[in-house]
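In what follows, a single structure is set out as structure tokens and then discussed.
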Amino acid sequence: MHFATFTADTAIEALQRALDELARAGFALEAISLRAQAPRAEVRLEFHPRGGISADTYLARLARMPGVAGVAGGPAAGAQAEEV
């Protein structure tokens, strides 16, 4: 399992776009958490990268989304996250 975290000004819109990209990639969603602390929100997705793209490509797509910042991710167990 892998994870992705990011902050966003518009949490609901960013989460919708992130989930759309996850579905497009063919990944299986495991868990979602969203913590809103105005003016930004922190989002965490846990997923199984079983699609046509790599988890790193998914993270790069998240990093290019408008209003999204501080994208990090990688394997969920025991690995250090790297910011994209």
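All you need for my numbering is the position in the sequence shown, starting with 1, plus 68. C-beta: ideal position from N, C-alpha, C; glycine also. Please read all numbers here as calculations on a predicted model, not as lab measurements.
Counting along the chain, Ile80 sits inside the alpha helix (DSSP H) bounded by residues 79-93. Counting C-beta pairs closer than 8 angstroms gives three or more between the region 118-135 and the region 74-90, which meets the contact rule.
Annotation: the continuous beta strand (DSSP E) that includes Arg108 extends over 108-116.
Relative to the Cα of Glu114, the nearest Cα in the group Asp77, Ala76, Thr78, Gly142 belongs to Gly142. At least 8 angstroms separates the beta-carbon of Thr73 from that of Gly135. The beta carbon of Arg103 sits closer than 6 angstroms to the beta carbons of Glu110 from its chain, once the five residues preceding and following it are set aside; these are given in chain order.
Residue Phe71 holds the alpha-carbon nearest to the alpha-carbon of Ala99 among Asp88, Phe71, Ala145.
Distance from the Cα of Gln105 is smallest, within the candidate group Ala76, Val139, Ala137, for Ala76.
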